[in-house]
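Taken in order, the sequence shown gives residues 265 to 436; the numbers are from the working numbering. All residues carry an ideal CB built from backbone N, CA and C; glycine is no exception. As structure tokens, the structure follows; a few thoughts come after it.
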Amino acid sequence: MAILPILIAPDARLKVISRPVDTVDDGIRALMDNMLATMYAAPGVGLAAIQVNVPKRIIVMDLAREDEKPQPRFFVNPEIVWYSEEQTVFSEGCLSFPEFFDDVERASSVRVRYLDYHGKPREEAAEDLFAVCIQHEIDHLEGVLFVDHLSRLKRDAILRKLQKARRLSVGA
265 MAILPILIAP DARLKVISRP VDTVDDGIRA LMDNMLATMY AAPGVGLAAI QVNVPKRIIV
325 MDLAREDEKP QPRFFVNPEI VWYSEEQTVF SEGCLSFPEF FDDVERASSV RVRYLDYHGK
385 PREEAAEDLF AVCIQHEIDH LEGVLFVDHL SRLKRDAILR KLQKARRLSV GA
């Protein structure tokens with residue numbers, strides 16, 4: 265498996281809307297395996313294909329804690345088909361925004377429909393961290409970043425810091 269480069273904001277490619285996958289074949293499974301390896305190496309709990317510059321509707325996720333056995337999950341063409349009215353606030357981070365975290369309000373439960381690693385249709389309820397993570401990653405597929413849920417002032421401050429860090433690393 266290969267470790268893929270993760271796009272870091274403010275990279276315009278992160279705002280691209282991802283295209284549906286026609287068929288879950290060996291090529292898509294290889295991409296998902298590489299995405300999972302990349303996510304683990306980062307480390308993170310979720311990764312959308314657009315974050316590795318592949319504009320396809322694919323997400324990988326593993327919400328297992330450090331002391332638990334890995335529990336990789338694969339979502340192809342995921343869509344949320346129901347949102348709870350109840351909201352929850354969670355401190356979110358993102359592999360495309362290294363070292364930045366902030367509170368984001370989202371539905372506390374959702375119902376998600378998707379194709380699994382083998383292309384089988386699935387539908388399931390998501391609550392708590394799973395609900396937050398699946399909404400965050402599906403946002404990526406729509407070109408929406410977690411900072412887009414913050415105030416303009418907070419979002420602009422984070423993006424300025426990332427631009428400055430990029431300039432410093434390029435100049436080094």
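Residues bridged to residue i (per DSSP)
i           : result
residue 374 : 347 and 390
residue 287 : For residue 287, which the question treats as bridged, DSSP gives no partner whatsoever.
residue 385 : 379
residue 367 : 355
residue 337 : 325
residue 361 : 358
The beta strand (DSSP E) enclosing residue i, as first and last residue numbers
i           : result
residue 310 : 310-312
residue 265 : Premise fails: residue 265 is in no beta strand (DSSP E) and is neither H nor E.
residue 324 : 322-325
Cα-Cα separation, residue i to residue j
i           : j           : result
residue 428 : residue 386 : 43 Å
residue 417 : residue 409 : 15 Å
residue 318 : residue 292 : 11 Å
residue 296 : residue 339 : 9 Å
residue 333 : residue 326 : 10 Å
residue 323 : residue 310 : 7 Å
residue 382 : residue 413 : 33 Å
residue 368 : residue 419 : 12 Å
residue 336 : residue 396 : 16 Å
residue 426 : residue 274 : 7 Å
residue 355 : residue 302 : 22 Å
residue 390 : residue 312 : 17 Å
residue 403 : residue 298 : 21 Å
residue 276 : residue 411 : 14 Å
residue 278 : residue 357 : 15 Å
residue 433 : residue 300 : 27 Å
residue 265 : residue 304 : 12 Å
residue 366 : residue 294 : 33 Å
residue 331 : residue 350 : 30 Å
Short Cβ contact (7 Å threshold) for residue i with residue j
i           : j           : result
residue 283 : residue 405 : no
residue 343 : residue 377 : yes
residue 360 : residue 423 : no
residue 316 : residue 268 : yes
residue 370 : residue 399 : yes
Inter-residue CB distance, residue i and residue j (contact presumed, cutoff 8 Å)
i           : j           : result
residue 374 : residue 415 : Rounded, the Cβ-Cβ distance is 24 Å, inconsistent with contact.
residue 407 : residue 285 : 17 Å between Cβ atoms; not a contact.
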